[in-house]
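Undergrad: As numbered in the working numbering, residues 276 to 477 make up the sequence shown, in order. No residue lacks a Cβ here, since even glycine has one placed at the ideal position from N, Cα and C.
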Amino acid sequence: MTTMTTPQTSPAFSVCVYCGSKPGNKPEFAQIAVQVGTWIGTHGGQLVYGGGRNGLMGLVAEATMAAGGTVVGIIPTALVEKEWAHHGCTELHVVDTMHERKRLMADKADAFLALPGGIGTFEELFEVWTWRQLGYHDKPVGILNSLGYYDGLMGFIGQVVQDGFMADWQTELVTLGTEPEALLQALVQKAGFSPGAKVELL
Ligand code: AMP
Numbered sequence: 276m277t278t279m280t281t282p283q284t285s286p287a288f289s290v291c292v293y294c295g296s297k298p299g300n301k302p303e304f305a306q307i308a309v310q311v312g313t314w315i316g317t318h319g320g321q322l323v324y325g326g327g328r329n330g331l332m333g334l335v336a337e338a339t340m341a342a343g344g345t346v347v348g349i350i351p352t353a354l355v356e357k358e359w360a361h362h363g364c365t366e367l368h369v370v371d372t373m374h375e376r377k378r379l380m381a382d383k384a385d386a387f388l389a390l391p392g393g394i395g396t397f398e399e400l401f402e403v404w405t406w407r408q409l410g411y412h413d414k415p416v417g418i419l420n421s422l423g424y425y426d427g428l429m430g431f432i433g434q435v436v437q438d439g440f441m442a443d444w445q446t447e448l449v450t451l452g453t454e455p456e457a458l459l460q461a462l463v464q465k466a467g468f469s470p471g472a473k474v475e476l477l
């Protein structure tokens, strides 16, 4: 099932954001999510995300819409209530399975960005990272390491390289950044798109 609100002009680019269905326990996490959504919206972009209203997911979506961006939410039927499906999205796709959700999210994005989150976020990040290394897609993948959230994970990945289970080129498939705006700009450009002229919010 798909619901749509008013038709939009074509977005300048489309970024799939993976992030926590919880807000985390530091207020800075919410600020990061809002910064990401605001950048997407003010640069004429489209957010693709899991379609929920909970946690950082809901904050990114709200901020994108508040800044004039397009929001495509994709949620499996089984999670419509649990993740409090966001019926205010520009497009809300209610799909049958998690696999369908992830496939549609990936298809509709020009680039992927992981913010702080839990195992759902990690699973989605690792999936697009592994798909990239296998050549299933060639879209840029980014990790927003604000507040050092992903330091531990990146340290572990370094150990994996040292232990010979990964090569440097595989780690280099991911763009790491600490500043939301700079990282989004880099990902959109790597994807071959130009962010729209920034619209100043009143
Ligand atoms: P979390 O980071 O655990 O808060 O989850 C963030 C999002 O990932 C939520 O929308 C979850 O529904 C989703 N998620 C949880 N498990 C999976 C999974 N196995 N595959 C894909 N997404 C998942």
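(1) Leaving out five residues before and five after W359 in sequence, what residues of the same chain have Cβ atoms less than 7 Å from its Cβ?
(2) Is it buried or exposed for R376, if we count other Cβ within 10 angstroms and need 16 for buried?
(3) Starting from T313 and walking both ways along the alpha helix (DSSP H), at which residues does that stretch end?
(4) On the three-state DSSP scale, how would you describe T405?
(5) Quick check on L459: buried or exposed, where buried means 16 or more other Cβ atoms within 10 Å of its Cβ?
(6) Along the chain, where does the alpha helix (DSSP H) containing A338 start, and where does it finish?
(7) Look at the alpha carbon of V416 and the alpha carbon of Y293, and state the distance between them as a whole number of angstroms.
(8) For E290, which residues from the same chain have a beta carbon less than 8 Å from its beta carbon, with the 5 sequence-adjacent residues on both sides left out?
(9) Figure out for me which residue from D443, G348 and S421 has the closest Cα to the Cα of M380.
(10) Please go through the stretch 382-443 and give each complete beta strand (DSSP E) segment of 3 or more residues, from N-terminal end onward.
(11) In whole angstroms, what separates the C-alpha of H318 from that of K473?
(12) When DSSP labels each residue in this structure, what does P470 get in the three-state scheme?
(13) Using a 10 Å radius around the Cβ and a threshold of 16 neighbouring Cβ atoms, would you call W404 buried or exposed?
TA: Based on what the coordinates show:
(1) Translated into positions along the sequence shown, residue 359 becomes position 84. G327, R328 and N329, listed in sequence order.
(2) What you label residue 376 is simply residue 101 of the sequence shown in a count that begins at 1. Buried: at least 16 other Cβ atoms inside 10 Å.
(3) Here residue 313 refers to the residue found at position 38 of the sequence shown. Counting along the chain, the alpha helix (DSSP H) containing T313 begins and ends at P302 to T317.
(4) Residue numbering aside, residue 405 sits at position 130 when the sequence shown is read from its first letter. T405: helix per DSSP, three-state reduction.
(5) Counting from 1 along the sequence shown, the entry for residue 459 is found at position 184. Classification of L459: buried, given that the 10 Å Cβ count is 16 or more.
(6) In the sequence shown, counting from the first residue as 1, residue 338 sits at position 63. G330 to A341 is the span of the alpha helix (DSSP H), which, as asked, contains A338.
(7) Counted from its first residue, the sequence shown places residue 416 at position 141. Counted from its first residue, the sequence shown places residue 293 at position 18. Straight-line Cα distance between these residues: approximately 11 Å.
(8) Position 15 of the sequence shown, counting from 1, holds the residue named residue 290. Checking the displayed sequence, the identity of residue 290 turns out to be Val instead of Glu. So the qualifying residues of the chain are I315, G320, Q321, L322, V323, A384, D385, A386, F387, L388, L459, L462 and V463.
(9) As a first step, residue 380 must be located in the sequence shown, where it is residue number 105. Per the Cα distances, G348.
(10) 386-389 and 416-419
(11) Taking the sequence shown and counting its residues from 1, the one referred to as residue 318 is at position 43. Taking the sequence shown and counting its residues from 1, the one referred to as residue 473 is at position 198. Roughly 5 Å between the two C-alpha positions.
(12) Here residue 470 corresponds to residue number 195 of the sequence shown, with the count starting at 1. P470: coil per DSSP, three-state reduction.
(13) The count along the sequence shown starts at 1 and reaches residue 404 at position 129. Classification for W404: buried.
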